Amino acid sequence: MRTRALIRMAIILSLAAPATEALAANADDFQAALAKAEAANKQAGAIKNQWTTTAGTLKAAQAAAAAGKFDDAVKLANDAEALANASIAQAKEQETAWTQAVVR
Amino acid sequence: MLRKIFIAIAIVVGAAQPLLADNAVDPKADFKAFRDYFTKRFPKVPLDDFVNGPYSMDADLRKQWKAIDEFPPYEFAVEKGKEMFATPFKNGKTYGDCFQNKGIGIRQNYPYFDAKSGQVITLDLALNQCREANGEKPFDYTKDEMAALTAYMAFTSRGKRFDIKISNDPRALAAYKNGGEYFYTRRGQLNFSCASCHVQSPGNHIRTEVLAPALGIVAALPIYRSEWGGMGTTSRRFTSCNSQVRGVPLKPEDEAYRNVEYFLSYMSNGLPISGPGARP
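First to last, the sequence lines map onto chains A and B.
Using the numbering used here, read the first sequence as starting at 1435 and increasing by one per residue.
Using the numbering used here, read the second sequence as starting at 205 and increasing by one per residue.
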């Protein structure tokens, strides 16, 4: 009975180990996330609507990657991409919305 | 059938009319609406007092300013600018040779639209163009020497009234319209436009500061700002506004900034130059 329980636990652990490894980000994951964030921020720059917070978050992502904290780095890069996309959406929305604020 | 087509065309044209009206550029109508907005909202503020920015909105702040102005913090900049203005370039010419009336009392005519280059020329840009035409390196557009030169030129123009012209040149009208668009467009993570603070909220506090009205806001530039611990130009003012709303600023004297200055200066037509100014 005791042997069977140990075998069962060993099977569960052996299944769980690769799953945990899959959750941990690595340098390649970070580079992929960084590339997407930088591309979005470049697009925001082309329409002259970058946010300072995007640049700050990108910098923090790179610092985390340099420290080997790839989970944090990927999360920060994703945040930076979201900020850049929000700045692009803002610019697009304001292309027409600005007229509503004009003093008439 | 033909009748239905005519009706359909009439409906489409009718629906398109307000849109066309919105897109039409009418600086005179804009000017009247802008002026009316501020004078009706602040009926107790004398028109000329709008150039004093936050001091026209807040009595206590005004008292502090009056006290500070007994020993104006921009005085050193005016003296430095005067000296620079009189000092010849290496080729023997001076700044005065680049400007009408030798550069004295002309601040109120800037910016203007230059038909030859097809762009808005601010006083700051004209000063650097003058330097480069005389074999000198351009100055930084945000502070120090540029602030000193423009402080002196503004000082010699005090009391003279803005006289900004927008010709019927479509490029001038486009520059004016683009300036207005930038002014009213929300940007930065905080989602603020220039107008959010200076049209919708003048007189209100943002943290410890009293927001200045957009009407006449350019008349006091350049300014000594306590927050900066020194002098700053129009470019410095615009870039710091962008940063404060968490937007990446444009380059100083970027075409978009010059267009904003063109728009705001036209809106201030008839108001007196009060620069250089002092602000908290």
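Glycine is no exception: its CB is placed at the ideal position from the N, C-alpha and C atoms.
Quantities reported herein were computed from a predicted structural model and do not represent experimental measurements.
I'd like the span of the alpha helix (DSSP H) that includes residue i, first residue to last.
{"i": "Arg441(B)", "result": "438 to 448"}
{"i": "Gln1496(A)", "result": "1486 to 1500"}
{"i": "Gly285(B)", "result": "279 to 290"}
{"i": "Tyr386(B)", "result": "374 to 388"}
{"i": "Arg266(B)", "result": "263 to 272"}
{"i": "Ile427(B)", "result": "Not the alpha helix (DSSP H): Ile427(B) falls in the beta strand (DSSP E), residues 427 to 429."}
{"i": "Lys1416(A)", "result": "Any question about residue 1416(A) goes unanswered here, given that chain A covers just 1435 to 1538."}
{"i": "Pro231(B)", "result": "231 to 245"}
{"i": "Ile1522(A)", "result": "1504 to 1531"}
{"i": "Asn463(B)", "result": "459 to 471"}
{"i": "Ser400(B)", "result": "398 to 402"}
Out of the options, point me to the one whose CA is closest to residue i's CA.
{"i": "Phe360(B)", "options": "Gly420(B), Gln448(B), Ala337(B), Ala424(B)", "result": "Per the sequence shown, the amino acid found at residue 360(B) is Thr instead of Phe. Closest option to Thr360(B), Cα to Cα, is Ala424(B)."}
{"i": "Lys369(B)", "options": "Met471(B), Pro258(B), Tyr241(B)", "result": "Met471(B)"}
{"i": "Ile309(B)", "options": "Leu327(B), Gly451(B), Lys297(B)", "result": "The residue asked about is misnamed: residue 309(B) is Gly in this sequence, not Ile. Nearest of Leu327(B), Gly451(B), Lys297(B) to Gly309(B), Cα basis: Leu327(B)."}
{"i": "Asp264(B)", "options": "Gly285(B), Ala281(B), Glu413(B)", "result": "Glu413(B)"}
{"i": "Phe254(B)", "options": "Ala418(B), Glu431(B), Arg483(B)", "result": "Ala418(B)"}
{"i": "Val324(B)", "options": "Ser371(B), Ala358(B), Ala337(B)", "result": "Ser371(B)"}
{"i": "Ala1471(A)", "options": "Lys1503(A), Ile1481(A), Ala1458(A), Gln1496(A)", "result": "Gln1496(A)"}
{"i": "Glu336(B)", "options": "Lys294(B), Lys244(B), Arg375(B)", "result": "Lys294(B)"}
{"i": "Trp1485(A)", "options": "Glu1527(A), Val1536(A), Phe1464(A), Ala1520(A)", "result": "Ala1520(A)"}
{"i": "Pro258(B)", "options": "Pro277(B), Gly383(B), Arg429(B)", "result": "Arg429(B)"}
{"i": "Gly481(B)", "options": "Phe235(B), Val282(B), Pro231(B), Val229(B)", "result": "Val282(B)"}
{"i": "Tyr386(B)", "options": "Ile1522(A), Ala1466(A), Lys1493(A), Lys1482(A)", "result": "Lys1482(A)"}
{"i": "Leu185(B)", "options": "Ser321(B), Asp301(B), Lys320(B), Lys267(B)", "result": "Lying outside 205 to 484, the shown extent of chain B, residue 185(B) is not represented and no answer is given."}
{"i": "Arg462(B)", "options": "Val422(B), Ile427(B), Val449(B)", "result": "Val422(B)"}
{"i": "Pro346(B)", "options": "Leu329(B), Cys334(B), Asn338(B)", "result": "Note on identity: in this sequence residue 346(B) is Thr, with Pro being the wrong assignment. Nearest C-alpha to Thr346(B): Leu329(B)."}
{"i": "Ser397(B)", "options": "Leu377(B), Arg450(B), Val249(B), Gly434(B)", "result": "Arg450(B)"}
{"i": "Gly479(B)", "options": "Thr437(B), Arg245(B), Leu454(B), Pro247(B)", "result": "Thr437(B)"}
{"i": "Ala1478(A)", "options": "Ala1518(A), Ala1507(A), Ala1501(A)", "result": "Ala1518(A)"}
{"i": "Phe280(B)", "options": "Trp432(B), Gly407(B), Ala351(B), Ala271(B)", "result": "Ala351(B)"}
{"i": "Thr243(B)", "options": "Gly384(B), Ser469(B), Phe467(B), Pro406(B)", "result": "Pro406(B)"}
{"i": "Gly433(B)", "options": "Asp373(B), Lys297(B), Arg483(B)", "result": "Arg483(B)"}
{"i": "Trp1532(A)", "options": "Ala399(B), Arg411(B), Phe366(B)", "result": "Ala399(B)"}
{"i": "Ala1461(A)", "options": "Asp1506(A), Ala1474(A), Ala1499(A)", "result": "Ala1499(A)"}
{"i": "Pro247(B)", "options": "Met261(B), Gly384(B), Phe235(B)", "result": "Met261(B)"}
{"i": "Pro292(B)", "options": "Lys320(B), Pro276(B), Cys334(B), Ala271(B)", "result": "Cys334(B)"}
{"i": "Ala1469(A)", "options": "Arg1538(A), Ala1535(A), Val1508(A), Leu1457(A)", "result": "Val1508(A)"}
{"i": "Ala1525(A)", "options": "Gly1502(A), Ala1466(A), Leu1457(A), Ala1480(A)", "result": "Ala1480(A)"}
{"i": "Val1536(A)", "options": "Ala237(B), Lys306(B), Arg440(B), Arg365(B)", "result": "Ala237(B)"}
Distance cutoff 8 Å, beta carbons only. Does residue i sit that close to anything in chain D?
{"i": "Arg1442(A)", "result": "Although the question refers to chain D, the structure presented lacks it and instead comprises the protein chains A and B."}
In terms of residues, what are the limits of the beta strand (DSSP E) holding residue i?
{"i": "Asp318(B)", "result": "316 to 318"}
{"i": "Ala482(B)", "result": "481 to 483"}
{"i": "Gln323(B)", "result": "323 to 325"}
{"i": "Arg362(B)", "result": "Per DSSP, Arg362(B) belongs to no beta strand (DSSP E) and is neither H nor E."}
Task: Residues, ordered as in the chain, of the region 445 to 466 of chain B that lie near chain A by beta-carbon distance below 8 Å - done: Ser447, Arg450, Gly451, Val452, Leu454, Ala460
Task: Short-range partners of chain A found in the region 373 to 399 of chain B, where Cβ spacing is below 8 Å - done: Gly384, Glu385, Tyr388, Thr389, Arg390, Arg391, Gly392, Gln393, Asn395, Ser397, Ala399
- [ ] Take every Cβ of the region 1511 to 1520 of chain A, pair it with every Cβ of the region 1487 to 1498 of chain A, and state whether three or more of those distances are shorter than 8 Å.
- [x] yes
TODO: Could you run through the region 235 to 264 of chain B and flag, in chain order, every residue whose CB is less than 8 Å away from some CB of chain A?
DONE: Ala237, Phe238, Tyr241
TODO: Please confirm if the region 383 to 395 of chain B is in contact with the region 309 to 319 of chain B, defined as three or more CB-CB distances below 8 Å between the two stretches.
DONE: no
Open item on the list: Give me the subset of the region 415 to 439 of chain B whose CB atoms are less than 8 Å from a CB atom of chain A, sorted by chain position.
Closed with: none
Task: the region 272 to 290 of chain B in contact with the region 347 to 362 of chain B per 3-pair CB rule at 8 Å - done: yes
- [ ] May I ask you to verify whether the region 267 to 277 of chain B touches the region 338 to 345 of chain B, counting CB pairs closer than 8 Å and requiring at least 3?
- [x] no
Task: Short-range partners of chain B found in the region 1457 to 1488 of chain A, where Cβ spacing is below 7 Å - done: Lys1482, Asn1483, Gln1484, Trp1485, Thr1486, Thr1487
- [ ] Compile a chain-ordered list of the residues in the region 315 to 339 of chain B whose CB is closer than 9 Å to at least one CB of chain A.
- [x] none
Task: Short-range partners of chain B found in the region 1525 to 1537 of chain A, where Cβ spacing is below 9 Å - done: Ala1525, Glu1527, Gln1528, Glu1529, Ala1531, Trp1532, Thr1533, Gln1534, Ala1535, Val1536, Val1537
Open item on the list: Give me the subset of the region 399 to 412 of chain B whose CB atoms are less than 7 Å from a CB atom of chain A, sorted by chain position.
Closed with: Ala399, Val403
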